[in-house]
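Colleague: The sequence shown lines up with residues 24 to 835 when you count with the working numbering.
Before I ask anything, here is the structure I am working with.
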Amino acid sequence: MRAIGPNAVRTHRARLLPVLLRQLRSPLLLLLAVTASVSFFLAERSDAVVIATILLVSVGLGTVNEYRAERAAEAMHERIHHTVTVIRDGRRRSLDLVRLVPGDIVELRPGELVPADIRLLSGNGLHCDESVLTGESEPVEKSCVDGCALMGTVVSAGHARGVVIATGGATAFGRIALGLGQRQPDTEFQIGLRKFSMLLVYVAATLTAGIFVVNVVAHRPILDALLFSLAIAVGISPQLLPAVVSTSLAAGSRRLARRKVLVKRMVCIEDLGDIEVLFTDKTGTLTDGRIEFMRALDPDGTSDDTVLVLGMAATDIAVQDGQLTGGDRLDTALWESTAALPAAAQSFSRIATLPFDHNRRMVSVLVDQPGGDRIVIAKGAPEAVLARCAEVTPTAAATLEAEFAAGHRVVAVATRPAPSLRTLDTDDESGLTLRGILVFLDPPKATARRALRRLHDLGITVKVVTGDNPVVADHVCTELGLPPGNTLTGSDIDRLDDRALTETLSTTRAFARIDPEQKARIVRAQRHTGLDVAFLGDGVNDALALHAADVGISVDSATDVAKDAADVVLLEKDLGVLADGVVEGRRIFANTIKYVLMGTSSNFGNMFSAAGASAFLPFLPMLPSQILLNNLLYDASQLAIPTDTVDGEQLTRPARWDIGLIRRFMLVFGPISSVFDFATFAVMLWLFHADAVLFHTGWFVESLATQTLVLFVIRTRRSPFFRSRPSVALLVATLTAVGVGALLPATPMARDLGFRPLPGGFFLALAVMIALYLALAELTKHWFFRARPPVPVRRVRTPAHRIHRRAFRFSR
Numbered sequence: 024m025r026a027i028g029p030n031a032v033r034t035h036r037a038r039l040l041p042v043l044l045r046q047l048r049s050p051l052l053l054l055l056a057v058t059a060s061v062s063f064f065l066a067e068r069s070d071a072v073v074i075a076t077i078l079l080v081s082v083g084l085g086t087v088n089e090y091r092a093e094r095a096a097e098a099m100h101e102r103i104h105h106t107v108t109v110i111r112d113g114r115r116r117s118l119d120l121v122r123l124v125p126g127d128i129v130e131l132r133p134g135e136l137v138p139a140d141i142r143l144l145s146g147n148g149l150h151c152d153e154s155v156l157t158g159e160s161e162p163v164e165k166s167c168v169d170g171c172a173l174m175g176t177v178v179s180a181g182h183a184r185g186v187v188i189a190t191g192g193a194t195a196f197g198r199i200a201l202g203l204g205q206r207q208p209d210t211e212f213q214i215g216l217r218k219f220s221m222l223l224v225y226v227a228a229t230l231t232a233g234i235f236v237v238n239v240v241a242h243r244p245i246l247d248a249l250l251f252s253l254a255i256a257v258g259i260s261p262q263l264l265p266a267v268v269s270t271s272l273a274a275g276s277r278r279l280a281r282r283k284v285l286v287k288r289m290v291c292i293e294d295l296g297d298i299e300v301l302f303t304d305k306t307g308t309l310t311d312g313r314i315e316f317m318r319a320l321d322p323d324g325t326s327d328d329t330v331l332v333l334g335m336a337a338t339d340i341a342v343q344d345g346q347l348t349g350g351d352r353l354d355t356a357l358w359e360s361t362a363a364l365p366a367a368a369q370s371f372s373r374i375a376t377l378p379f380d381h382n383r384r385m386v387s388v389l390v391d392q393p394g395g396d397r398i399v400i401a402k403g404a405p406e407a408v409l410a411r412c413a414e415v416t417p418t419a420a421a422t423l424e425a426e427f428a429a430g431h432r433v434v435a436v437a438t439r440p441a442p443s444l445r446t447l448d449t450d451d452e453s454g455l456t457l458r459g460i461l462v463f464l465d466p467p468k469a470t471a472r473r474a475l476r477r478l479h480d481l482g483i484t485v486k487v488v489t490g491d492n493p494v495v496a497d498h499v500c501t502e503l504g505l506p507p508g509n510t511l512t513g514s515d516i517d518r519l520d521d522r523a524l525t526e527t528l529s530t531t532r533a534f535a536r537i538d539p540e541q542k543a544r545i546v547r548a549q550r551h552t553g554l555d556v557a558f559l560g561d562g563v564n565d566a567l568a569l570h571a572a573d574v575g576i577s578v579d580s581a582t583d584v585a586k587d588a589a590d591v592v593l594l595e596k597d598l599g600v601l602a603d604g605v606v607e608g609r610r611i612f613a614n615t616i617k618y619v620l621m622g623t624s625s626n627f628g629n630m631f632s633a634a635g636a637s638a639f640l641p642f643l644p645m646l647p648s649q650i651l652l653n654n655l656l657y658d659a660s661q662l663a664i665p666t667d668t669v670d671g672e673q674l675t676r677p678a679r680w681d682i683g684l685i686r687r688f689m690l691v692f693g694p695i696s697s698v699f700d701f702a703t704f705a706v707m708l709w710l711f712h713a714d715a716v717l718f719h720t721g722w723f724v725e726s727l728a729t730q731t732l733v734l735f736v737i738r739t740r741r742s743p744f745f746r747s748r749p750s751v752a753l754l755v756a757t758l759t760a761v762g763v764g765a766l767l768p769a770t771p772m773a774r775d776l777g778f779r780p781l782p783g784g785f786f787l788a789l790a791v792m793i794a795l796y797l798a799l800a801e802l803t804k805h806w807f808f809r810a811r812p813p814v815p816v817r818r819v820r821t822p823a824h825r826i827h828r829r830a831f832r833f834s835r
């Protein structure tokens with residue numbers, strides 16, 4: 024392993040230097056650093072020092088917060104491990120997947136993810152789903168003569184043993200994944216951030232160019248005009264937006280981890296908040312998952328231990344020393360049901376096995392009975408087994424229906440003589456005689472009804488997808504209080520084309536006897552309705568649907584292939600835990616939008632004011648270093664936004680980026696801010712007869728106070744303070760920023776910063792203007808949001824997500 028490296032496509036390690044370099048990629052920050060250097064060498068050293076200090080603080084805040092976010096992501100990756108069973112040095116052992124090396128012998132079974140490129144040595148009927156590499160949905164048959172199973176593909180049928188020939192980036196999968204780049208595809212949240220940034224670039228470029236031209240025409244020094252224009256450009260952009268976002272996501276990931284939710288990428292936290300429809304399995308999510316064997320009945324409904332013994336003998340899992348090696352929950356419940364019968368079941372000598380698959384929905388074994396007679400025992404879904412029986416009596420059908428109506432899980436057992444058989448294939452699963460049924464109890468989870476109600480209140484429609492009988496699925500849905508609706512079976516879905524299936528989704532609440540491809544088809548059809556879809560599953564048969572969903576959700580106890588296909592992993596299989604994640608995603612997005620709306624509108628107003636003032640003032644309306652200091656104090660106070668409370672109505676439905684709304688908000692609220700800026704200009708020039716220094720000081724204090732305090736209006740659509748209170752941290756941070764801004768002109772640093780003490784009458788005028796500004800902003804807010812209801816935006820997931828999602832499993 025030291026020579027070839029880990030079996031990993033990419034690593035997840037938090038490194039400080041790359042984080043720092045990402046902070047320095049901003050062209051505006053780099054340009055300001057250059058102009059600060061020029062100012063220093065041109066003897067404008069006080070401005071240069073102030074600008075450099077502000078840049079260092081800004082970059083430092085961003086670096087610290089993003090590095091903390093990276094550390095949180097690294098900790099999350101370390102909590103999820105994947106193991107593989109290998110034969111190394113002649114010994115069978117369980118090994119961390121990333122420690123796999125060429126030469127290891129690996130066994131492949133149905134539902135498993137191929138952990139490396141493997142040359143097949145032996146096997147039977149191996150088929151692999153290679154859609155992640157080729158896009159083809161049909162499984163590919165693999166020959167043991169010259170065939171290879173490729174990393175990242177899924178074993179859909181058969182079994183095989185092979186030798187590892189390539190790992191990590193040397194595999195076909197690894198080369199494709201690395202070719203896509205180390206960077207994951209952007210989520211809708213990141214796409215929205217990028218579009219928002221482009222909006223700011225256009226606005227900043229227009230204002231900067233215009234202000235520079237005005238100042239040059241006014242015959243002001245070129246360097247002063249350049250520094251002022253650059254400061255305006257930086258001032259209009261929320262410099263600490265990445266820090267606010269990363270702080271929100273890091274804090275959200277920690278809160279979710281405490282609530283037993285792990286998100287593979289922190290930006291996926293916001294994706295949780297977008298969920299509108301949730302497809303979930305039944306067992307273990309809506310039910311306790313502790314399946315208990317109840318009774319074995321013959322076709323007439325009479326208790327019969329012989330049926331139990333046959334059921335225990337019919338398993339495709341090895342039995343060693345009376346214990347199952349692996350085995351599903353039904354087999355485990357059978358073997359744990361009694362201490363007296365396992366020996367009787369082990370007295371059968373197994374000759375051949377036809378493993379369970381999700382198309383046949385049954386397992387068959389060829390065995391020699393203790394007396395020497397050879398028989399085939401078939402066990403599985405009653406519909407599948409009864410369809411292969413020569414005769415089914417009305418009494419047997421009535422017994423089955425009674426158990427289904429009671430909400431019980433039922434497995435049918437049938438046999439037939441096979442004295443001449445040596446091998447077993449699907450043609451031998453015919454002409455069977457029904458021997459009886461095995462009845463299991465899986466009661467609804469005590470917390471499920473409450474969790475479903477909570478999801479409903481969050482605007483999420485829950486639909487059940489299960490391999491169980493439709494009568495049982497419908498019984499559980501009714502018992503848990505899901506809204507009335509139809510139940511479709513897999514055969515019903517096969518009779519519908521895609522358009523008809525999409526049309527039936529609105530009236531359907533449960534899907535029963537569904538195979539893996541049908542699950543994925545249902546999810547894709549629901550996405551075509553324009554809704555954001557999540558799928559929760561933990562089995563190998565859920566992987567296709569997890570990949571097809573906007574948000575794939577699995578649990579820590581799930582199979583590796585299910586956890587790999589998921590975006591979110593729940594440490595507890597409980598819909599209440601999922602609801603916590605949805606609320607957290609919506610809370611993070613709501614707080615981010617607060618910062619965006621407030622920052623763009625206030626900054627746009629201030630910069631618009633600066634442009635207007637430049638046209639008639641004989642001096643710069645504010646020094647470049649003062650603009651940057653103003654912006655830094657303002658932005659630093661907003662780092663407390665992630666702690667803010669969010670109104671309940673903002674959590675009841677998904678919210679997405681709406682660049683049009685942000686633009687309109689900026690164009691409406693920005694000029695309102697400018698009105699009071701111009702009022703400040705009038706007060707300073709006509710009432711206090713201010714010179715340049717006093718003017719700079721007055722506008723600095725007023726602009727900082729108004730753009731910071733307006734947060735209390737914008738942060739909620741309710742009446743601020745009375746019906747929606749901010750968090751203590753946000754209140755303290757905001758008032759501190761305003762206080763620092765008001766006190767700076769009276770401190771010894773005032774001269775170096777270009778300030779001087781303000782007259783007492785100014786603060787009286789300032790208080791009146793702030794009160795009027797906040798009142799006007801409040802009235803405008805109510806008009807704005809009543810006139811413009813939110814428009815839903817549909818997410819589009821890029822094809823590259825399939826490779827990158829799967830690559831998560833092959834990481835360290």
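All residues carry an ideal CB built from backbone N, CA and C; glycine is no exception.
1. My guess is that residue 740 and residue 670 are in contact by the Cβ rule of under 8 Å, so how many angstroms apart are they, rounded?
2. For residue 183 and residue 135, what's the separation of their Cα atoms in angstroms?
3. From what residue to what residue does the alpha helix (DSSP H) around residue 607 run?
4. Unbroken alpha helix (DSSP H) runs of length 4 or more, entirely within the stretch 113 to 160: which are they?
5. Alpha carbons only, please: which of 285, 128, 270 and 293 is nearest the one belonging to residue 674?
6. Just the Cα atoms here: how many angstroms apart are residue 564 and residue 490?
7. In or out: residue 242 buried (at least 16 other Cβ within 10 Å) or exposed?
8. At what residues does the beta strand (DSSP E) containing residue 531 begin and finish?
9. Determine the burial state of residue 426: buried for a count of at least 16 other Cβ atoms within 10 Å of its Cβ, exposed for fewer.
10. Just the C-alpha distance for residue 115 and residue 108, rounded to the nearest angstrom, thanks.
11. Output needed for residue 665: all residues of its chain with C-beta closer than 6 Å, excluding positions within five of it in sequence on either side, in chain order.
12. Output needed for residue 19: all residues of its chain with C-beta closer than 6 Å, excluding positions within five of it in sequence on either side, in chain order.
13. Would you call residue 798 buried or exposed, if buried means 16 or more other Cβ atoms sit within 10 Å of its Cβ?
14. Do you know offhand how far residue 819's Cα is from residue 500's?
15. Confirm, please, whether the CB-CB distance from residue 585 to residue 569 is below 8 Å.
16. Give the DSSP-derived three-state secondary structure of residue 721 in the structure shown.
17. Could you pull out every residue in the same chain whose Cβ sits closer than 6 Å to the Cβ of residue 511, ignoring the five residues on either side in sequence?
18. How is the beta strand (DSSP E) around residue 461 delimited, first residue to last?
19. Kindly give me the distance between the Cβ atoms of residue 691 and residue 807, rounded to whole angstroms, as I take these residues to be in contact under 8 Å.
20. Report the option in 716, 137 and 179 whose CA atom is closest to the CA atom of residue 152.
21. Span of the beta strand (DSSP E) holding residue 558?
22. In three-state DSSP terms, what is residue 814?
23. Can you check whether the CB of residue 461 is closer than 8 Å to the CB of residue 558?
24. Could you pull out every residue in the same chain whose Cβ sits closer than 8 Å to the Cβ of residue 573, ignoring the five residues on either side in sequence?
25. Leaving out five residues before and five after residue 39 in sequence, what residues of the same chain have Cβ atoms less than 8 Å from its Cβ?
26. Taking the straight line between their C-alpha atoms, what separation do you get for residue 649 and residue 708?
27. Return the chain-ordered ranges of every alpha helix (DSSP H) run that is complete within the stretch 269 to 356 and spans a minimum of 4 residues.
28. Using the C-alpha atoms, what's the distance from residue 706 back to residue 641?
29. Verify whether the separation of the beta carbon atoms of residue 368 and residue 332 is less than 8 Å.
30. Where DSSP assigns a beta bridge to residue 509, which residues make up the other side?
31. Where does residue 383 sit, in a helix, a strand or coil, going by DSSP?
32. Confirm, please, whether the CB-CB distance from residue 459 to residue 321 is below 8 Å.
33. Does the Cβ-Cβ distance between residue 542 and residue 488 come in under 8 Å?
34. On the CB-based measure, 16 or more other CB atoms within 10 Å of its CB, does residue 238 come out buried or exposed?
35. If you measure between the beta carbons of residue 309 and residue 471, is that distance less than 8 Å?
36. Could you check which residue in 421, 438 and 419 has the C-alpha nearest to that of residue 411?
Modeller: In terms of the structure at hand:
1. Contact between residue 740 and residue 670 holds, with the beta-carbon distance rounding to 7 Å and staying under 8 Å.
2. Going by the C-alpha atoms only, they are around 11 Å apart.
3. For residue 607, the uninterrupted alpha helix (DSSP H) run begins and ends at 598 to 639, by DSSP.
4. When DSSP assignments are scanned along the stretch 113 to 160, the uninterrupted stretches of alpha helix (DSSP H) that are 4 or more residues long and fall wholly within it turn out to be 154 to 157.
5. Checked all of 285, 128, 270 and 293; the closest Cα to residue 674 is 293.
6. Cα to Cα, residue 564 sits roughly 10 Å from residue 490.
7. When all chains shown are included, residue 242 counts as exposed.
8. 531 to 535 is the span of the beta strand (DSSP E), which, as asked, contains residue 531.
9. Residue 426 should be labelled buried.
10. Each residue's Cα considered, the two are about 7 Å apart.
11. Counting only Cβ-Cβ distances below 6 Å, and skipping sequence neighbours, we find 270, 271, 274 and 614.
12. Absent from the structure is residue 19, since the part of the chain shown begins at 24 and ends at 835.
13. Exposed, because fewer than 16 other Cβ atoms sit within 10 Å of the Cβ of residue 798.
14. Confidence at residue 819 is low in this model, with a pLDDT of 45, below 50, so its placement is unreliable and the value that follows should be read with caution. Going from the Cα of residue 819 to the Cα of residue 500 covers about 31 Å.
15. Contact flag set, yes.
16. Reduced to three states, the DSSP call for residue 721 is helix.
17. Hits under 6 Å: 531 and 534.
18. Here the beta strand (DSSP E) through residue 461 covers 455 to 464.
19. Contact holds; Cβ gap of about 6 Å.
20. When only C-alpha atoms are compared, the closest one is 179.
21. The continuous beta strand (DSSP E) containing residue 558 extends over residues 556 to 559.
22. Because the pLDDT of residue 814 is 48, which lies under 50, any placement of that residue in the model is unreliable, and the question is left without a value.
23. Cβ distance not < 8 Å, so residue 558 and residue 461 don't count as in contact.
24. The residues are 294, 297, 298, 550, 555, 556, 557, 818 and 820.
25. For residue 39, where only same-chain residues beyond five positions count, the Cβ hits under 8 Å are 86 and 90.
26. If you take the alpha carbons of residue 649 and residue 708, they lie about 19 Å apart.
27. Fully enclosed alpha helix (DSSP H) runs of no fewer than 4 residues occupy 291 to 296 and 328 to 336 of the stretch 269 to 356, in order along the chain.
28. Rounded to whole angstroms, residue 641 to residue 706 spans 17 Å at the Cα level.
29. The answer is yes: Cβ separation under 8 Å.
30. Partner(s): 531.
31. For residue 383, the secondary structure class from DSSP, reduced to helix, strand or coil, is coil.
32. Between residue 321 and residue 459, the gap from beta carbon to beta carbon is short of 8 Å.
33. Result yes, Cβ atoms of residue 542 and residue 488 sit closer than 8 Å.
34. The C-beta of residue 238 has 16 or more other C-beta atoms within 10 Å across all chains shown, which makes the residue buried.
35. Yes, the Cβ-Cβ distance between residue 309 and residue 471 is below 8 Å.
36. Comparing Cα positions, the closest option is 438.
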